[in-house]
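Before any comments, here is the structure.
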Amino acid sequence: MSSDSDRDAYADAYAPGPAEQWPASAAVAPASVEEVRAINLGYGTAAPRMAGSVVLDLGRMNRILELDPKLAYAVVEPGVGFFDLHDEVERQKAPLWLSVPGNGWGSVIGNALEHGIGYTPYGLHARNLCGIEAVLPDGDLLRTGMGAMKDNPAWHLFPMNYGPTWDLAFSQSNLGVVTKAGLWMQPAPET
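If you read the sequence shown in this note's numbering, its first letter stands for residue 21, the second for the next number, and so on.
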């Protein structure tokens, strides 16, 4: 960070008290899973909680990896926002609806992992996660559900697997850094 405004961009606008109480000392912004694995920060929180914290900014990991209108799901990286996904649905003229939070901005994955809600029947966003890729604190890469099997076409379609279901272990937790997730979307009603 080269200026106060750079540091202030990582302040928690909703924290009690002045933002200056918990300034970040540094920020890292990986652009790939490999870079997240190399950073290996371990555990953390959404915003600095003490002076000297390092912020992990996943905004550069902003690709929509897949959008399937027929099976009604998307696969996105953590930097993809609701406006980004909406624009892609519109660009493809996909017959899908997004469930968005009231403010409409923010990370699609971040909102789901924090149990955000929207205003459609698919409004409990954590329920719509199906298949997560996460970097664990030791740098190992974990793919939940059917994603444990290489190139499994059911990874983002079928939530069960051969053993426990782990997707929600990453919600409101610090067990790893989610680098990709499948998200079920609502088919648009037929007119």
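All residues carry an ideal CB built from backbone N, CA and C; glycine is no exception.
- Task: Could you tell me which of ASP160, LEU156, ILE137 and ASP158 sits nearest to LEU149, measuring between CA atoms?
- Result: Distances from the alpha-carbon of LEU149 to those of ASP160, LEU156, ILE137 and ASP158 put ILE137 closest.
- Name the one or two DSSP bridge partners that ALA201 has. Paired residues: VAL96 and ILE152.
- Output the distance between the C-alpha atoms of ALA208 and ASP171, rounded to the nearest integer angstrom. Whole-angstrom Cα-Cα distance: 28 Å.
- ASN181: buried (16+ other C-beta within 10 angstroms of its C-beta) or exposed? By the neighbour-count rule (16 or more Cβ atoms within 10 Å), ASN181 is buried.
- Item | CB contact flag (ILE129, VAL197, <7 Å) | Going by C-beta atoms, ILE129 is not nearer than 7 Å to VAL197.
- Taking the alpha carbon of ARG27 as the point to measure from, which residue in PRO43, THR164, ASP160 and GLU86 has its own alpha carbon closest? When each option's Cα is compared against that of ARG27, the closest is PRO43.
- Task: Write down the C-beta distance between GLY99 and SER127 rounded to the nearest angstrom, noting that I regard them as a contact closer than 8 Å.
- Result: Confirmed, about 7 Å.
- Task: Excluding the 5 residues preceding and the 5 following ASN123 in the sequence, name in chain order all residues of the same chain whose CB lies nearer than 8 Å to its CB.
- Result: Excluding residues within five positions, none has a Cβ falling inside 8 Å.
- Report yes if the CB atom of MET205 is closer than 7 Å to the CB atom of LEU116, and no otherwise. With respect to LEU116, MET205 sits close: the two C-beta atoms are nearer than 7 Å.
- Reduced DSSP secondary structure (H/G/I, E/B, other) of LEU76: LEU76 sits in a strand when the DSSP states are folded into three classes.
- Run the CB neighbour count on PRO50, radius 10 Å, all protein chains shown included, and call it buried at 16 or more, exposed below. By the neighbour-count rule (16 or more Cβ atoms within 10 Å), PRO50 is buried.
- Message: I believe LEU87 touches ALA114 by the beta-carbon criterion, under 8 Å. Please report the beta-carbon distance rounded to the nearest angstrom.
- Response: That pair is a contact at about 6 Å.
- Task: Determine the direct distance from the alpha carbon of ILE152 to that of LEU110, and round the result to whole angstroms.
- Result: The question names Leu, but residue 110 in the sequence shown is Glu. Cα-Cα distance, rounded: 25 Å.
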